[in-house]
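Heads up, the sequence shown is in this note's numbering, so the first residue is 401 and it goes up one at a time. Note that beta-carbon positions come from the ideal geometry of N, C-alpha and C, so glycine has one too. Okay, so here's the structure we're looking at.
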Amino acid sequence: MILGNNRLPMLILLVSILYIFVIPAEPMAVKLLFKLIPMWLVIWYAYLRLPAAKKRKRYHGLLLTGLFFCMLGDGLLHWFVAGLSAFLIGHLFYMSGFFSNWRFSKLRCCMAVPIALYGSFMGREIVHALMRDDKESLIVPVLFYVCVISLMTWSAIMTGHKWAIVGSLLFTISDSILSWNMFVSEFAYANVLIMTTYYTAQFCIARSIRTLGAVQAPPAGPAIPTARRASY
């Protein structure tokens, strides 16, 4: 297969670099097209990593749908509320998929505290910026989004799966940079940081789709020699 599992990651990387560093801002239609191509490839990569049809679970479809809605969010972000809504729906699908693979751990549960503190900090700073710029109408949807992406990140951590965790954390970093640059204060190279962390986040989530639900077997105890077993 020309676009198989082995070659797709390199193609995703190359097209992402092309969009971030080469494609000019105008015309906007061309820029938007190249912005979406990496996500099309990420979705295709996730699809190729699905197990055989008989072994597929509900969460596989949830994660694929989440990837699709995030791709829509990419295309609609120029219209902020529409793009935010698409990303919000994508996070809800991610969250449902991750929570269906919940693996309890006290340490992972405790991670809700720093996530909540960080979400509160970002929410407060963004609200102050929106009030300063007379954009109060955006406060409720933005705060709701902050809550949902925080829950999505925690739900990924609760899976205990490294690719899901890294993907969710990078998604949070990407959205934090985007919202800070958009509402609070602009800074240099923001777009490069936003898109590199975003594409990497989506790739990590796509990569997690095959092994997310795999249950690790407990470590085996010491083997009992055959001769000894026969004596019991």
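Counting C-beta pairs with one atom in each stretch, the segment 493 to 513 and the segment 457 to 471 have three or more that are closer than 8 angstroms, which means they touch. For P451 and E536, the gap between their C-alpha atoms comes out near 46 angstroms. The segment 550 to 561 makes contact with the segment 500 to 516: 3 or more CB pairs, one atom from each, lie closer than 8 angstroms. Between L570 and T597 the beta-carbon gap is near 5 angstroms, inside 8 angstroms, which marks them as a contact. Boundaries of the alpha helix (DSSP H) harbouring G475: R458 to L476, taken from the DSSP string. In the DSSP assignment, P427 falls outside any alpha helix (DSSP H) and carries neither an H nor an E. Burial check for W554: the Cβ neighbour count within 10 Å reaches 16 or more, so the residue is buried. Leaving aside the five residues that flank I420 on each side, the residues in its chain whose CB is nearer than 7 angstroms to its CB run, in chain order, V592, M595 and T596. In the displayed model, W502 falls within coil according to three-state DSSP, outside both helix and strand. Here F583 is not near I515, since their CB atoms are 8 angstroms or more apart.
Shown here, R607 sits in a helix according to DSSP, grouped into three states. Non-local beta-carbon contacts of R456 in its own chain, meaning distances under 7 angstroms to residues more than five positions away in sequence, involve L450 in chain order. The three-state reading of DSSP puts P514 in helix, counting H, G and I together. Taking every protein chain shown into account, the CB of H491 has 16 or more other CB atoms within 10 angstroms, so this residue is buried. Counting only the Cα atoms, K435 lies some 16 angstroms from W444. For D533, no alpha helix (DSSP H) run applies, since DSSP gives it neither H nor E.
No beta strand (DSSP E) of 3 residues or more sits fully in the segment 558 to 605.
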